[in-house]
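Going down the list, the protein sequences come from chains V and S. The numbering used here applies: residue 996 is where the first sequence begins, and numbers increase by one. The numbering used here applies: residue 633 is where the second sequence begins, and numbers increase by one. Heads up, the beta-carbon is just placed ideally off N, CA and C, and yes, glycines get one too. Keep in mind that this is a model prediction, so the values were computed, not measured. Here the structure is laid out as structure tokens; the discussion comes afterwards.
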Amino acid sequence: MSLLSVENISKQYSVRKKYWHKRERVDAVKEISFELKEGQTLAIVGESGSGKSTLARQIIGIEKPSRGRVIYLGEELRFNNRKNRKTRFRNIRMIFQNPYESLNPQARIGDILEEVLRINTKLSSKQRKRKVANTLVKVGLLPEHQYRYPSMFSGGQRQRIAIARAIILDPKIIIADEPLSALDVSIQAQILNLLQQLQEEMGISYLFISHDLNVVEHIADQVMVMFQGEMVEYGSVAQLFDNPRHPYTQTLFASTPMYQKRFPHFTRPSFAKRKAGANSGCCFASRCSFCSPRCLQSQPVIGKSKSGNLVACFKELED
Amino acid sequence: MPLLRIENLSVNYQGSQGEFPIIDRLSLKMDSGEILGIVGESGSGKSMLALAIMGLLSPKMNMRADYINLDGEDLMKFSDMDRAAYVASKAAIIFQEPLASLNPCFTIGSHIDETLMFNQTGSRKSRRLRAMDLLESVGIFEPELVLRSYPHQLSGGMNQRIAIAVALASRPRLLIADEPTTALDVTIQSQILELLVNVNKTEDLGLMLITHDFALLSENTDRIGVVYSGQLMEHAATDNILKSPRHPYTRALLDSIPQMGDRHIKGSRLFALKGQIPPMDQLPVGCRLGPRCPIAEKKCVNPQEFLSIENHGKVRCHLAPQKLSRAQSSGDKENDK
């Protein structure tokens, strides 16, 4: 049994493009299903606006999914069920992108961490204090740091505090939403090492959202590629990084300098050339260099390709 | 005759607690048609270098230099007004955040027209034609429509193209791009970079590419300068820097990027520099990397000279003449190639 499985999750927002326009439905996440196994890392890759963060928000329960189910250890986590919410918040924790914004500037580090324990556990005040000190040591800070304010720390240290807040309840799953992109290069390596170390010590599974392909190749076991709210490719790191099949994944590789040498024949992304039908057709058709008339009319369903990846592309599924 | 030559540029910040250095005696040289990459972490002073060249520093910054020679004229000899006019005709800068560098109250057309009016006379019609040419040259397909739009109506990638078009309008000899792709998506990033490199080739202008991303520089640049807390640590040809970096900081930066084909292996770790970049008012004695350096020794408490090394370039480390081995990071990383 897998630790976390997500079935056909979708999220629609209703938005007004101009204020005199009618409300329209926008699909932020469309019918995504995947499974996360214990101690593994699933990376979600995609450009901004592809629905990566929205998907994370559905799983952690900040927003209610429009359709679909989130199943944790065989039990469905309902959005409104109080008991479900408790197990969810205890076992699925989140690290946000920008540590300058995710920590309350008016609270001491100790209070930020202790609050999590006070709400979610029945520990006494003394036990909580001890747990906070232990957790700070675990993420490479000192116990006396709990008396300081977030503004006294640098970006890397703040991200360590955010990680401490995520691991303090010994969760099973951590959702890391671009945890490195606000940090400097030499600090990124420190945080990446810390995440891997914690995974090996505590057996945490990560849902690692990133747009940085070499970081993903370094940390992930499974990779999912998203484009405009849809899952276009899914596979293990070996399958996906040795043999990417979907045209969008290929353009991603072609536009990352480090991978241009490995895949010299992949075409760089071009501008939007043709208008695809609003709701019919493949989501990538307007930018795809292999686009055929069929791609504009009907939508490819995700399926297994020859190399074992799950791909949503007619070209791959036919032959 | 080099296009840009800077000798001993220092920038000091005049704060309430006294003066402290942002850039410390930095010297570099650039030829026209060359792409120079400047790498460094945030707070290392790489953006201040760009602003100092352009003369855009805030009044709280004091700038000193032996000379800054841009296309044959020494900028330090000009008066402020003359200097601004001269720099505007010879150099242009592109900033990180395209939406923040364009004025939301004006159309794209008036942005470009402003620069054109400053640099050349001509009728309104001829300026408009030139603006359309510029937009086409940065890969915008419907220039007439775009000229009439406002920055908020366009995407981030489009706005960055427009910022480039505005920069090119003055036919600069030197183009400084300060983190031009950091705010953009990966796919757009490669397009913008390709555009900048094309511009560099066709117009034969010098391109200074300031970034924190080594991977971005590896493909395109001719030479790279590595900046750490206001000092140039290593300045050499791209191949030399990537294949055999002589400064421990360069080495560490390169090692801390996951290598291609570096898969998830239990227990494998990246090499990471300890600590963080020191604040400018609490610089360590001697070598500024000293407390973080994995191979620091006693001699490192002395100030480091900027040494020339044969067949390589210039390095600010007394250990540089001996070849740095990759041994410092072994144990952290086993699958090195």
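Check: Residues of the region 1237-1252 of chain V with Cβ closer than 7 Å to any Cβ of chain S, in chain order; Outcome: T1246, L1247, S1250, T1251, P1252
Check: Closest residue to I1087/V among A1233/V, F1285/V, R1052/V, I1107/V (Cα-Cα distance); Outcome: R1052/V
Check: Buried versus exposed, by CB contacts within 10 Å (16 or more), V1010/V; Outcome: exposed
Check: Same chain only: Cβ atoms within 6 Å of V1065/V, ignoring 5 sequence neighbours per side; Outcome: V1001, I1054, L1072
Check: Residue burial classification, L1208/V (beta-carbon count within 10 angstroms, cutoff 16); Outcome: buried
Check: Contact with chain V by S961/S, beta-carbon distance below 8 Å; Outcome: Only weak support is given to the placement of S961/S: the predicted model assigns it a pLDDT of 42, under 50, and the value that follows is read from those uncertain coordinates. No - not a single Cβ of chain V is within 8 Å of the one on S961/S.
Check: Environment of Q1141/V [buried if 16+ CB atoms lie within 10 Å]; Outcome: buried
Check: Beta-carbon proximity check, C949/S vs R878/S, cutoff 8 Å; Outcome: yes
Check: Cβ neighbour criterion (16 or more within 10 Å) applied to Y830/S; Outcome: Per the sequence shown, residue 830/S should be read as Asn rather than Tyr. The residue is exposed, with fewer than 16 neighbouring Cβ atoms inside 10 Å.
Check: Cβ of S1179/V within 8 Å of any chain S Cβ; Outcome: Note on identity: in this sequence residue 1179/V is Asp, with Ser being the wrong assignment. Judged by the 8 Å Cβ criterion, D1179/V is in contact with chain S.
Check: Cβ neighbour criterion (16 or more within 10 Å) applied to S676/S; Outcome: buried
Check: Where F1029/V falls: helix, strand or coil (DSSP); Outcome: strand
Check: Reduced DSSP category for A1038/V - H, G, I as helix; E, B as strand; rest coil; Outcome: strand
Check: Residue-chain proximity (A1157/V, chain S), Cβ-Cβ < 8 Å; Outcome: no
Check: Straight-line Cα distance separating L848/S from T747/S; Outcome: 29 Å
Check: A1271/V - DSSP class collapsed to helix/strand/coil; Outcome: Low confidence applies to A1271/V: its pLDDT is 49, below 50, so where it sits in the model is not reliable enough to give any reading.
Check: Backbone secondary structure at R756/S - three-state DSSP; Outcome: helix
Check: Check whether I1158/V and V1134/V have beta carbons under 8 Å apart; Outcome: yes
Check: Backbone CA spacing between S1287/V and A1307/V [nearest angstrom]; Outcome: 15 Å
Check: Nearest-angstrom Cα separation, counted from F727/S out to S733/S; Outcome: 7 Å
Check: Test: F903/S CB closer than 8 Å to a CB of chain V; Outcome: yes
Check: Contact list for D720/S against chain V, beta-carbon separation under 9 Å; Outcome: A small fix is needed here, since residue 720/S is Ala in this sequence, not Asp. Chain V residues near A720/S: none, gap ~31 Å exceeds 9 Å.
Check: Proximal residues, the region 1143-1154 of chain V versus chain S, C-beta separation under 7 Å; Outcome: S1149, G1151
Check: Sub-8 Å separation of I638/S and Y645/S beta-carbons; Outcome: no
Check: Closest by C-alpha distance to D712/S, when choosing among L767/S, L886/S, G687/S, F846/S; Outcome: G687/S
Check: Segment contact, 8 Å Cβ cut-off, at least three pairs: the region 1218-1230 of chain V with the region 1029-1046 of chain V; Outcome: yes
Check: Which residues DSSP lists as bridging L807/S, in chain order; Outcome: A724/S, L839/S
Check: Chain V contact for T853/S (CB, 8 Å cutoff); Outcome: no
Check: Whole runs of the alpha helix (DSSP H) within the region 1200-1288 of chain V, excluding any shorter than 4 residues; Outcome: 1208-1214, 1232-1237, 1242-1249, 1252-1255
Check: Status (buried if at least 16 other CB within 10 Å, exposed otherwise) for M680/S; Outcome: buried
Check: Within chain V, partners of L848/S - CB distance below 9 Å; Outcome: P1252
Check: Within 8 Å, strictly: CB atoms of E811/S and I842/S; Outcome: yes
Check: Contact list for E1228/V against chain S, beta-carbon separation under 8 Å; Outcome: Result: empty, since nearest Cβ-Cβ is about 15 Å, beyond 8 Å.
Check: V818/S at chain V interface by Cβ criterion, 8 Å; Outcome: yes
Check: Residue from I685/S, K692/S, R696/S, S690/S whose Cα sits closest to the Cα of L702/S; Outcome: I685/S
Check: Residue from R1240/V, G1276/V, L1190/V with nearest C-alpha to H1260/V; Outcome: R1240/V
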